[in-house]
Every structure is written in structure tokens, then in C-alpha cells.
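Heads up: the protein sequence lines correspond to chains D and S, in order. Position one of the first sequence corresponds to residue -4 (my numbering), numbered consecutively onward. Position one of the second sequence corresponds to residue -4 (my numbering), numbered consecutively onward. This report concerns only the one structure given below.
Protein chains: 2
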Amino acid sequence: MRRPKAVAEAAFNLAVDAMGGDGAPGIVVDGLAITAERHPRARILLVGDEAALGRLLRGNRRASAICTVRHAASAVSMQTKPTAALRMRDSSMRLAMDAVAQGEAQGVVSAGNSGALLALAKIVVRTLPGIDRPALAALSPSSRGDVVMLDLGANIICDWRNLVEFAVMGEVFARTVLGLPAPTIGLLNVGAEELKGDERLRLAAEVLRSSPIAKQFHGFVEGHDITAGTTDVVVTDGFTGNVALKTGEGAMRLVGDLLKQVFAETIVSRLGYVLARPGLERMREWLDPRRYNGAVLLGLSGVVVKSHGGADAEGFAHAIDVAMDMVTHGFNDRIRAGLEWVGPAGKPQPGQGASGAANVAAAG
Amino acid sequence: MRRPKAVAEAAFNLAVDAMGGDGAPGIVVDGLAITAERHPRARILLVGDEAALGRLLRGNRRASAICTVRHAASAVSMQTKPTAALRMRDSSMRLAMDAVAQGEAQGVVSAGNSGALLALAKIVVRTLPGIDRPALAALSPSSRGDVVMLDLGANIICDWRNLVEFAVMGEVFARTVLGLPAPTIGLLNVGAEELKGDERLRLAAEVLRSSPIAKQFHGFVEGHDITAGTTDVVVTDGFTGNVALKTGEGAMRLVGDLLKQVFAETIVSRLGYVLARPGLERMREWLDPRRYNGAVLLGLSGVVVKSHGGADAEGFAHAIDVAMDMVTHGFNDRIRAGLEWVGPAGKPQPGQGASGAANVAAAG
């Protein structure tokens, strides 16, 4: 199995797929100009059409100061199926992944096709030992600070084992990016009571209750607990997580749009807006979806970050921030340590714990 | 099979479970006082502890004007398991259901235990011919007006057939309560493309595309489409629907709480609130969860409405409004007509349609 070389040896911090996303490659280069300000010593391998990138970088000194271009003859489009993307050996996404697999770069950032990114990451960057399936995680706002949500769509169908792995990876992610010493974990369900939900959820809860992170496991949480910040990590399957994430974003957008209408209505309400503006602006910035851009594919032998396809330069720069943060904090070494108890030598089994899963199965 | 008698014969519009919900029976009686103002000719069968209800009604003239009390010796608690609730023959929830089954009342409203309510409704009120499983539906706010969402938690695990039934029932519900001549329908998924999601979703979409409501079927929608109002009806399984509903409510509450903080921050921002107040109040009222209280159990031979267990008198009165609305508009006759093509004589099958489900199955 190929393994990325040690951090110090990598020539680049990140390999960036220049051709992914709605506004590529222009938005990507503009985003890297912001990165250059925030991380002036970053070394970026920019992978994509050499001619187009050359033109863009000539007009963008800041971005060109941190970028080295590598030519890619093709690009994965939003319509490309994952199986087809796997056969494209010269796509910008593939070559960026190759750079991580070969230890040239510590991580990769792409705003391209999610399905292709996931398939390529699994094949090229590879999953960590003990991990069955990588999961897509991101931060989400709550009244008690940011929370980690996963899976956000990498795995549409999950079993209890996947959910347990997601909990372990989410816990390490929360320690790394939120700096919490012992983040709490909740399993998303339709009620907090032990008998709620399906067999899969009850088994995952059972295993987590007798795991090394049992003290941090809060049990089941419900949809409203995400924004209430009941737990630092919210674990769910990729279907539910994707729907929940987009539903929450949509609800916030609805309230935001209504607020705009209210404030624009009359001269008096406009004046009201002006008076409350500093606080409203701060709130808008805090809830800004761009601040939450950059979903991380956890469970791989390298840092893989997915930017939203519709992100602007600011949003893309945030996705790069997330990747730089993970690379700097040695996230993958931490996750390896956190995963020891779910490693191939000792896959968790319900019933191994003190409380006995036989009862749970009978109740299901 | 018992069938409720015709509308004109029923002695009561609604049977109300007086003992369900956090503040029962006080909140229930206070809610009925509001109902008495809105529907002065309503005839309510109030089922619960006779002594307690007698005391409450003596102190509440408005409520007592529309209520007839029926004694129930027991009450289903929030901890009662559905199987145990089915064995309780003298509970207020059971006796209220019995009144519907025997044609005494046209519908039932309860703020009690959801699992018990669903189990009792299926056994006592019975499902309509052609319906495999009833679904919980409610209205939800969107930027284009209210939308119908279902299932909100009655069926944690669903197959494609259930999803098709939900679409049909949701369509009739939207015509009845929103007054739309041809409501559009979306199937909740993780992406709008045909290949997204699981087999179950692709088969349901395939069947709907060749159904009598094909023209109203929009295809797949995503989480953010709920509040965007992309379709009038959003169909999903009970697990996803429950999580999405609560996530959306939680997100709106987060923004609402942040707004309160912003406006309370300084004397200037407080003045800003005062100036924008009329519009802000209107917005708050429009998004008020109490205005969306009253989830309807669709697919039964009678109207069954579930109020939120934590609803106050205003919220409970809204749940009664929903039930009165459905009873008045002959919802069940409409749903019987809408269900003819999914009736037992001709259960829809993928592949019966023009487009051929074989390809879909192969792609899945």
C-alpha cells in the first residue's frame, strides 16, 4: 500500500484542482490570491490547463507567488460518472490526487464533481487501515458555537459499523479543528429515547456506549439539536446528513430573505436597519455559508477537502484554509491514533461491551 | 370493515383527547375556548377524566359551550409503548378514536404520544382501501407560501410503494388545505439528477412519472427546496422527514435567537428594533411554529390530527382548526377518489409505465 511520505518531505502543502466548480479556473485562482495573503508561505501545486492557468496567473501576482502549475489534459465535469472519472488518467482531479498519493503534497482541494472526488479519493489516496468508508464532514453553526456534522453525502446507505466509524472520525476532527479536549457526540434520530429509530441506530448506540469514547457519547439527538449545539459532533448517514444540511441552510436563507424584505419595506424600517446594522452584519457574517465552505473527506491517508461547486473566491479560499489547518495540525496522525480500537485487528461488535447488544437486538 | 357514517349523521365534528400533551387537560380546554370563538357552531366530544374536565369547564364558559364530556378512566402517557396503548381499552385516546370509528365524530385531535396515536389510528380508525401505511403530513413555510411535507415520522422505514402513496395523499392534501388546483410534487433526495439516491427513490420516481399525476411530478428535490417552495408537496420517508422538519425549525430558531441578541445589544440597536417592529412582528407571526401545529395522519377512514405535545392553547387551537378544515372540506372523499389508481385492484408496478423501469433497476 502506498503511503504519503512524512509531512516534512512533501514539496507542496496542497495540490489544488484548478478545473473543478462552476467558475473554474478563474474563481480558483482568485481564491488562491486570498490564500496567498493569509498563508504567504503556502506552497500550492495548481493542477489544470497550463495555457489557461498561465494567462490567469500572469494577471494575478499574489496567487502566482504561491503556485506551481502542473498541466492536466482533461477535466472531470459535473456530468462525468464516478466510474468514468476513474478511467480518466490525465484529469486535473486525478493528477492532484496522485500528488497526494505520491507524497508530493499533503492534501488536495477540489470544487469539482463530488461523486468523482469520492471515488478517486478512495482509489488513489486510499482509506486508512480500519476504515470501511470515508465520510464527508463539515462545520455547521449552532447557538453554542460551531458543531461538526457527518456524513454529509459520501455514503447514501450506511450500516451501524459505518456510523460508529463516523463517530470516531468526527470526534478526532472536532478535537483538531475546534480545539475541544473531549468533544461530545450525538447520533441523529427521530427522538432521544433509546427505542427510537431503526436497528442500525440502536446497534451503533450500543457499541458507542461501551467504546473508549463512551463518556463523550451523549446518545440520540434530534434535528433541532444540531443548531442548539446539544453535542459538538452530530453523526448520521450520508442521505439524512445531506438533507439536514441543505434544509438548515434553506431555512436560514428564508429568514434572511424575509428580513431583507422587512427592512426594505418603509423608510422607517430602513432607518431601523441602519441603527441595528453593526450587529446584523456580524450575524450575517457568522452565518455566511462561505464561512462553512470546505467539507472534509475523513478516513483517508491524506487530507481531501471538497469546496462547494458554486463557491466564490472567498468561499474557495475558506476551503483551502480548512485544508491548511488540517495539514498543519497533523490531523491524519491523530485520526490513526483515535482509530486504534476500530482497527482491523479488533472491529467493534455489539455485545462485546458491558451492556450486551442481545437485548437491543431483541427490542428492535 | 367498519366505516364512519356519512358526514351529516355524525353527532360531533371532532372528538378531542383531553389528556394528551404536556399541559393537558388545562391547555386543551384553553385551546377549545379559542376554538369556540373561531367555530361557535362546532360540536366537540371532549374525552378524559370527567371530574378534572368538569372543574375546568365550569371555569371556562366559552369552551363549555361547544363541549360534551365523555369519561375515560385512563390516559396514554408519553412513556406508554404503542403495544401497551393498544391494550388500554378505556384510555382517552382510545375512546376518542372509537367515536370516529363508530361514526359519532368525523375526526379526532390529540396532543398525546405519537407512536400510540399511530398504532391506535391504524387499528381503530383503519386505513383506507389501497393504502398500505398512513403518513404524517404538515404545512411548512416557504418563500412561495406554505408547502405540504410528508411523512414526518409515522414510517421510519419506507419502500418505493409507500413513497408513491405519500405523493398521492400529499397531492390531495395540498388541493384541500392549500386550495391549489394542481399542486406540484417533489421527492426529497440528495441531488436533482435522475441517478441520485437509492433504488427506492428511483423506483418511486419512475412510477410517478407514468402515473395520472405525472404532469405534477417535478422529480427529485433537495433539502433547500423545501423553504424555496420549489414544489407544493415534498415527499420523503418518515425518518428523513422528521429530521428535516426539526432541523429547519432549529435553524429558524437559531436565527431568531441571534436577532433577539442583536436587537438587545445597544440602545441604538433597540431603537432600530422599534422602528422595524411592525414588519418584524409580521415575520415572527408568519414563521411562528404554532401556526404550523397540527400534523395530519393521512390515509385513514377518518380525520386524525396530532398536535405537538408541547403546544400551548393557541397551538392546540390551530391543530383543531386544521381538523375542522379537513372535516368541512370532505378531505376523505377526495382522497378516496385520488387513490383509485393505487387501489388494491391495480397496485402500481414499476415498468407498467411507458418509460420502463427495467433500465432504472439496471442503473441502480
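Virtual Cβ for every residue (Gly too), placed ideally from N, Cα, C.
Residue i versus residue j: straight-line alpha-carbon distance, rounded
i: residue 177 (chain D); j: residue 12 (chain D); result: 34 Å
i: residue 297 (chain D); j: residue 327 (chain D); result: 7 Å
i: residue 157 (chain S); j: residue 128 (chain S); result: 7 Å
i: residue 62 (chain S); j: residue 245 (chain D); result: 42 Å
i: residue 135 (chain D); j: residue 153 (chain D); result: 22 Å
i: residue 196 (chain D); j: residue 205 (chain D); result: 15 Å
i: residue 90 (chain D); j: residue 41 (chain D); result: 10 Å
i: residue 23 (chain S); j: residue 123 (chain D); result: 56 Å
i: residue 193 (chain S); j: residue 276 (chain S); result: 42 Å
i: residue 14 (chain D); j: residue 229 (chain S); result: 35 Å
i: residue 361 (chain S); j: residue 143 (chain D); result: Missing from the structure shown is residue 361 (chain S); chain S here goes from -4 to 359 and no further.
i: residue 282 (chain S); j: residue 46 (chain D); result: 52 Å
i: residue 189 (chain D); j: residue 201 (chain D); result: 10 Å
i: residue 51 (chain S); j: residue 219 (chain S); result: 44 Å
i: residue 259 (chain D); j: residue 179 (chain D); result: 42 Å
i: residue 360 (chain D); j: residue 257 (chain D); result: Past the edges of chain D, shown from -4 to 359, lies residue 360 (chain D), and the structure says nothing about it.
i: residue 76 (chain D); j: residue 270 (chain S); result: 53 Å
i: residue 262 (chain D); j: residue 268 (chain D); result: 10 Å
i: residue 273 (chain D); j: residue 56 (chain S); result: 50 Å
Coil, strand or helix - residue i by DSSP
i: residue 14 (chain D); result: coil
i: residue 327 (chain D); result: helix
i: residue 122 (chain S); result: strand
i: residue 37 (chain S); result: coil
i: residue 204 (chain D); result: helix
i: residue 8 (chain S); result: strand
i: residue 145 (chain D); result: strand
i: residue 185 (chain D); result: coil
i: residue 230 (chain D); result: strand
i: residue 64 (chain D); result: strand
i: residue 295 (chain S); result: strand
i: residue 79 (chain D); result: helix
i: residue 177 (chain S); result: coil
i: residue 314 (chain S); result: helix
i: residue 341 (chain D); result: The pLDDT assigned to residue 341 (chain D) is 41, lower than 50, so where the model puts this residue is not dependable; a value taken from the coordinates is nonetheless given after this. Of the three classes helix, strand and coil, the one that applies to residue 341 (chain D) here is helix, per DSSP.
i: residue 237 (chain D); result: helix
Contact with chain S by residue i, beta-carbon distance below 8 Å
i: residue 181 (chain D); result: no
i: residue 444 (chain D); result: In the structure displayed, chain D extends from -4 to 359; residue 444 (chain D) sits before or after that span and is not available.
i: residue 358 (chain D); result: Confidence at residue 358 (chain D) is low in this model, with a pLDDT of 32, below 50, so its placement is unreliable and no value can be given for it.
i: residue 287 (chain D); result: no
i: residue 252 (chain D); result: yes
i: residue 193 (chain D); result: yes
i: residue 137 (chain D); result: yes
i: residue 238 (chain D); result: yes
i: residue 321 (chain D); result: no
i: residue 278 (chain D); result: yes
i: residue 355 (chain D); result: Bear in mind that a pLDDT of 31 at residue 355 (chain D), under 50, signals an unreliable position, so the number given afterwards is only what the model happens to contain. Output row for residue 355 (chain D): interface = no.
i: residue 258 (chain D); result: yes
Any chain D beta carbon closer than 8 Å to residue i
i: residue 219 (chain S); result: yes
i: residue 246 (chain S); result: yes
i: residue 75 (chain S); result: no
i: residue 242 (chain S); result: yes
i: residue 274 (chain S); result: yes
i: residue 130 (chain S); result: no
i: residue 284 (chain S); result: no
i: residue 270 (chain S); result: yes
i: residue 201 (chain S); result: no
i: residue 249 (chain S); result: yes
Residues bridged to residue i (per DSSP)
i: residue 301 (chain S); result: S:105 and S:290
i: residue 134 (chain S); result: S:143
i: residue 153 (chain D); result: According to DSSP, residue 153 (chain D) bridges with nothing at all.
i: residue 69 (chain D); result: D:86
i: residue 163 (chain S); result: According to DSSP, which records beta bridges pairwise, residue 163 (chain S) is partnered with nothing at all.
i: residue 43 (chain D); result: D:66
i: residue 100 (chain D); result: D:7
i: residue 215 (chain S); result: S:182
Under 8 Å between C-beta atoms of residue i and residue j
i: residue 8 (chain S); j: residue 28 (chain S); result: no
i: residue 317 (chain D); j: residue 291 (chain D); result: yes
i: residue 67 (chain D); j: residue 86 (chain D); result: yes
i: residue 32 (chain S); j: residue 241 (chain D); result: no
i: residue 233 (chain S); j: residue 73 (chain S); result: no
i: residue 103 (chain S); j: residue 10 (chain S); result: yes
Residue i CB to nearest heavy atom of the ligand FMN below 7 Å
i: residue 181 (chain S); result: With respect to the ligand FMN, the structure offers nothing, as it holds no ligand at all.
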